[in-house]
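Trainee: Below is a structure I'd like to ask you about.
Residue numbers (the numbering used here): 537 to 605.
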């Protein structure tokens, strides 16, 4: 997550949508796709990006999360 440490200083997020959930062969793993929308702080330009996250669960608790874009 260190890769995204400065994210909030540079981009203000306003919304997320277009959620898609993919089934994994491993029932402990969820794969989600989603869009985020916001504004770039330095320029005021709009920011739109699509991400996937791979989330691993054990005993009802998230044990790992790996966002990708």
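From the three backbone atoms N, C-alpha and C, an ideal C-beta is built for every residue, glycine too.
1. Could you give the uninterrupted runs of the beta strand (DSSP E) lying entirely in the stretch 556 to 585, keeping only those of 3 residues or more?
2. Using a Cβ-Cβ cut-off of 7 angstroms, state whether residue 581 counts as contacting chain B.
3. Would the beta-carbon of residue 580 fall within 7 angstroms of that of residue 547?
4. By how many angstroms is the C-alpha of residue 554 removed from the C-alpha of residue 570?
5. Look at the Cβ atom of residue 585, then the Cβ atom of residue 577, and state whether they are nearer than 7 angstroms.
Mentor: Looking at the coordinates:
1. 565 to 576
2. Absent from the structure: chain B. Only one protein chain is present.
3. no
4. 5 angstroms
5. no
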